[in-house]
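First comes the structure, then the notes that go with it.
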Amino acid sequence: MILLDVKNLTLEMDIAGDWIKALDKVNLVINEGQIHALVGESGSGKSIIVKAIVGALPSHWRITADRMTWRGQNLLTMSLKKRRQLIRNDISVIFQNPIDSLDPLLTLGDQLKEMIPKTNLTKGWFWERNKQKQDIAISLLHKVGIKNHELCLKSYPHQIASNVIQKFMIAMAVASEPKLIIADNPTKGMEVTTKTQILNLLSRINQVRDMSILFVSHDLLAISSMASYMTVLYCGQTVESGDLRLLRKRAFHPYTKALLDSAPSFRKDLPAKSALTSLEGTIPTLHHLPTGCRLGPRCPRARRECVIMPVSRRVHNHYYSCHFPIHRDTK
Amino acid sequence: MELFKVEDLIFNNQKQNFWSNTPATYELGPVSFNLKAGETLAIIGGNSSGKSLLAKLLVGLERPNSGRILMNGVEINNADLTSSCHDIRMIFQNSNESLNPGLTLGAILEEPLRLNTKLDTQQRNNLVVKTLRKVGLMSDHQFFYRHMLSDGQRQRVALARALILNPKVVVADEPFAALDPSVRSQAVNLLMQLQKDLGIGFIFISHNLGIVRHISDKVIVMQDGKVIESGKTEVIFTWPKAEYTKKLVDAHQALVNRQGS
């Protein structure tokens with residue numbers, strides 16, 4: 182069943198009097214029980230998509246979409262109150278920087294207890310509620326692998342090691358038993374052993390509790406170890422999306438290919454110290470976005486037609502938008 | 028002949044706590060390694076394992092308690108920093124914040140020349156332009172400010188600042204961490220190219236084991252201020268001996284192997 186269905190999401194920002202399209206016709210479909218990876222470099226609008234889904238964007242930005250539904254209910258026409266209710270129950274977000282996104286003045290225990298929905302505490306009298314909340318909080322911490330729960334619940338965010346606090350964020354996200362967890366760059370700046378712990382934890386949550394995960398990152402190694410479906414984003418345009426294994430075997434879009442080639446760990450035959458393949462140039466800023474396909478100026482296969490925005494095309498379950506895809510012309 | 032040699036470097040940081048009599052200590056080392064011209068050494072290890080501190084000791088930002096740092100067989104004297112400033116340069120962890128936002132790139136790059144060489148204005152300017160070209164920027168970039176550049180370009184400026192005095196060794200603290208994948212491979216390529224052309228020794232700290240494996244010749248693994256393993260990259264990645272190294276390499280391999288399954 183389709184949980185989240187976003188079609189042609191466009192977001193315009195007002196920068197110095199100009200309306201600039203920060204997101205340009207983004208498509209995203211998340212199925213139930215799936216780990217969906219959203220890949221893109223910084224400034225490609227990954228975090229903006231996350232915020233657009235949960236509705237945390239400033240109201241003066243223009244958001245338009247052909248379709249933006251959550252289990253069949255339209256998110257755009259819904260009243261604000263209802264949307265908040267829905268998102269509180271069904272979606273939770275693990276934000277990018279755990280220490281910054283927690284309240285520094287409250288203990289972690291208070292913040293975790295706040296996340297437990299009231300509906301989980303029906304039995305008992307009101308004076309038993311606090312005890313119940315405490316028990317639920319402790320069991321949540323145990324589930325994400327924090328053993329020293331007492332210390333963790335009493336501490337303030339700055340007192341806790343960064344890998345523990347990341348696990349704590351996951352516990353907070355799981356607390357309301359959502360259908361979808363959005364993990365915004367959860368492994369940023371981590372060393373390998375902690376990273377594997379976090380990834381294992383997320384995959385386990387996905388399997389045991391049947392929660393879908395939208396995994397937003399640019400760490401391809403982490404993504405390919407857990408995700409099953411991948412959407413690649415470049416400068417606010419969805420470039421390619423499809424089954425991860427298929428995508429890795431044969432990418433249609435030059436950008437996806439470049440992205441996959443840029444990680445040396447993917448290629449076992451690569452001799453040490455040889456040059457890595459990379460695209461020329463850098464990511465354009467929002468003020469100087471090229472027209473048409475935004476990869477245009479950096480693309481090795483760009484031709485004159487590329488100034489027109491390519492239509493999204495589909496081969497089986499594999500969507501791509503490029504005028505001159507890589508594997509097609511070899512036939 | 029070794030270009031750069033470190034012998035039994037030990038650093039002891041004692042902080043006297045106001046309330047208690049037992050001072051909090053952090054010990055680093057003993058660290059010893061050597062580096063030939065054109066070689067790359069990678070330092071890996073967990074958080075607070077003393078990697079950044081080691082980098083600071085090597086460039087002379089902190090003074091070691093004992094041990095020697097030899098450059099071409101001559102000991103670097105901490106009292107005479109000008110020669111070590113010429114030979115060892117550092118790229119800092121966050122290239123964004125290590126550039127002064129109030130100065131143009133030309134002024135940023137000129138500063139080490141003004142402080143360390145006897146060149147006149149014209150010569151300095153020529154050298155700045157030449158170095159900018161070397162790292163793949165244009166000569167017009169000397170009039171730019173930091174905020175006008177992208178991440179990758181900032182990284183190039185940080186590299187240019189390290190290279191402008193023609194160093195023999197460059198020490199870099201997580202040079203690729205803040206970069207995006209496609210820009211990162213550009214930076215890696217640029218570094219390897221410059222290393223091939225100029226024959227500099229390169230010491231870098233990284234979390235990204237994929238890149239470490241790709242570009243380094245030797246690896247040092249650190250934990251809690253101690254070197255627990257060191258040797259050739261291939262050897263360490265294929266036959267790790269210490270428990271911690273095994274954990275690191277296994278975790279990395281597990282990530283690599285799990286894809287596609």
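Taken in order, these protein sequences are the chains called A and B.
Its first residue numbered 182, the first sequence is counted upward by one per residue in the working numbering.
Its first residue numbered 28, the second sequence is counted upward by one per residue in the working numbering.
Glycine included, C-beta positions come from ideal geometry on N, C-alpha and C.
In this text the structure is predicted, and so the values were computed from the model without any measurement.
Can we say the region 191-198 of chain A touches the region 175-190 of chain B, given the rule of at least three CB pairs closer than 8 Å?
-> By the Cβ rule, the region 191-198 of chain A does not count as touching the region 175-190 of chain B, because fewer than three pairs are nearer than 8 Å.
Residue nearest to T250 of chain A in terms of C-alpha spacing, selected from A:I346, A:K188, A:K206, A:R429 = Of the listed residues, the one whose Cα sits closest to T250 of chain A is A:K188.
Hey, I230 of chain A and L204 of chain A are a contact pair by Cβ (cut 8 Å); roughly how many whole angstroms apart?
-> Contact flag correct, Cβ pair sits at about 7 Å.
With hydrogens ignored, establish whether the beta-carbon of L219 of chain A is closer than 7 Å to any heavy atom of the ligand NAD.
-> Annotation note on the ligand NAD: not contained in the displayed structure, which lists no ligands.
Count the C-beta pairs between the region 488-501 of chain A and the region 460-479 of chain A that are closer than 8 Å, then say yes if the count reaches three, no if not.
-> Taking 8 Å as the limit for Cβ pairs, the verdict is that the region 460-479 of chain A does touch the region 488-501 of chain A.
State the start and end residues of the unbroken alpha helix (DSSP H) segment that holds S111 of chain B.
-> DSSP places S111 of chain B in the uninterrupted alpha helix (DSSP H) bounded by 108-114.
What is the rounded straight-line gap between the Cα of H279 of chain B and the Cα of E138 of chain B?
-> Going from the Cα of H279 of chain B to the Cα of E138 of chain B covers about 41 Å.
Can you give the Cα-Cα distance for N123 of chain B and P208 of chain B, rounded to whole angstroms?
-> The alpha-carbon atoms of N123 of chain B and P208 of chain B are separated by roughly 17 Å.
Give the DSSP-derived three-state secondary structure of S443 of chain A in the structure shown.
-> It is coil, neither helix nor strand.
Within this structure, are the beta carbons of K63 of chain B and I70 of chain B separated by less than 8 Å?
-> Contact flag unset, no.
Are the beta-carbon atoms of E256 of chain B and A269 of chain B separated by less than 8 Å?
-> If you check the CB distance, E256 of chain B and A269 of chain B come in under 8 Å.
Chain-order list of residues whose beta-carbon lies under 8 Å from that of G287 of chain B (same chain, five-residue window excluded) = Confidence in G287 of chain B is poor, its pLDDT being 48 and thus under 50, which makes the residue's placement unreliable; the coordinate value appears in the next sentence. Counting only Cβ-Cβ distances below 8 Å, and skipping sequence neighbours, we find nothing.
For T377 of chain A, does the count of other Cβ atoms within 10 angstroms reach 16, so buried, or fall short, so exposed?
-> By the Cβ neighbour-count rule, T377 of chain A is buried, with 16 or more other Cβ atoms within 10 Å of its own.
Nearest to D424 of chain A (by Cα), restricted to the options A:R265, A:H497, A:I386 = Sorting A:R265, A:H497, A:I386 by C-alpha distance to the C-alpha of D424 of chain A places A:H497 at the top.
How many Å lie between P481 of chain A and T437 of chain A at the Cα?
-> Between the alpha carbons of P481 of chain A and T437 of chain A lies a gap of roughly 13 Å.
Check the Cβ-Cβ distances between P435 of chain A and every residue of chain E, and say whether any is below 8 Å.
-> Chain labels in this structure do not include chain E; the protein chains are A and B.
Under a three-way DSSP split, which group does A197 of chain A fall into?
-> Reduced to three states, the DSSP call for A197 of chain A is coil.
Report yes if the CB atom of Q347 of chain A is closer than 8 Å to the CB atom of P298 of chain A, and no otherwise.
-> For Q347 of chain A and P298 of chain A, no; Cβs fall outside 8 Å.
With distances taken Cα to Cα, identify the nearest neighbour of V373 of chain A among B:F31, B:L142, B:G72.
-> Minimum Cα distance to V373 of chain A is reached at B:G72.
Starting from the C-beta of I404 of chain A, find all residues in its chain whose C-beta is less than 7 Å away, skip the five residues before and the five after it, and write them out in chain order.
-> So the qualifying residues of the chain are A218, V220, F396, S398, M411.
May I have a chain-ordered list of the beta strand (DSSP E) segments no shorter than 3 residues that lie completely inside the region 262-298 of chain A?
-> As far as the region 262-298 of chain A is concerned, its whole beta strand (DSSP E) runs of at least 3 residues are 272-275.
Put M165 of chain B into one of helix, strand or coil per three-state DSSP.
-> For M165 of chain B, the secondary structure class from DSSP, reduced to helix, strand or coil, is coil.
Cβ shell of H113 of chain B (< 8 Å), same chain only, five flanking positions each side left out | For H113 of chain B, same chain residues with a beta-carbon under 8 Å away, outside a window of 5 residues either side, are N143, L192, N193, P194 in chain order.
DSSP beta-bridge partners for I71 of chain B?
-> DSSP output for I71 of chain B lists B:V248 as bridge partner(s).
Roughly how many angstroms separate the alpha carbons of Y415 of chain A and M259 of chain A, rounded to a whole number?
-> Going from the Cα of Y415 of chain A to the Cα of M259 of chain A covers about 29 Å.
Please name the residue in A:Q254, A:A483, A:F276 whose C-alpha comes closest to that of Q266 of chain A.
-> With distances taken between Cα atoms, Q266 of chain A lies closest to A:Q254.
Among A:A439, A:L321, A:Q340, A:I211, the one whose alpha carbon lies nearest that of I351 of chain A | Residue A:L321 holds the alpha-carbon nearest to the alpha-carbon of I351 of chain A among A:A439, A:L321, A:Q340, A:I211.
Residue closest to L185 of chain A, alpha-carbon to alpha-carbon, out of A:S384, A:H499, A:R252 = Out of A:S384, A:H499, A:R252, the CA that lies nearest to the CA of L185 of chain A is found in A:R252.
Uninterrupted beta strand (DSSP E) stretches inside the region 393-428 of chain A (no shorter than 3 residues) | The qualifying runs are 393-398, 410-415, 418-424.
8 Å Cβ cutoff, H168 of chain B in contact with chain A = Residue contact check for H168 of chain B against chain A: no CB pair falls below 8 Å.
Use the C-beta contact count for S265 of chain B: other C-beta atoms within 10 angstroms, 16 or more gives buried, fewer gives exposed.
-> It should be noted that the sequence gives Thr, not Ser, for residue 265 of chain B. Per the 10 Å Cβ criterion, exposed.
Proximity winner among B:I232, B:H241, B:Q150, relative to V248 of chain B (alpha-carbon distances) = Of B:I232, B:H241, B:Q150, the residue nearest in Cα terms is B:I232.
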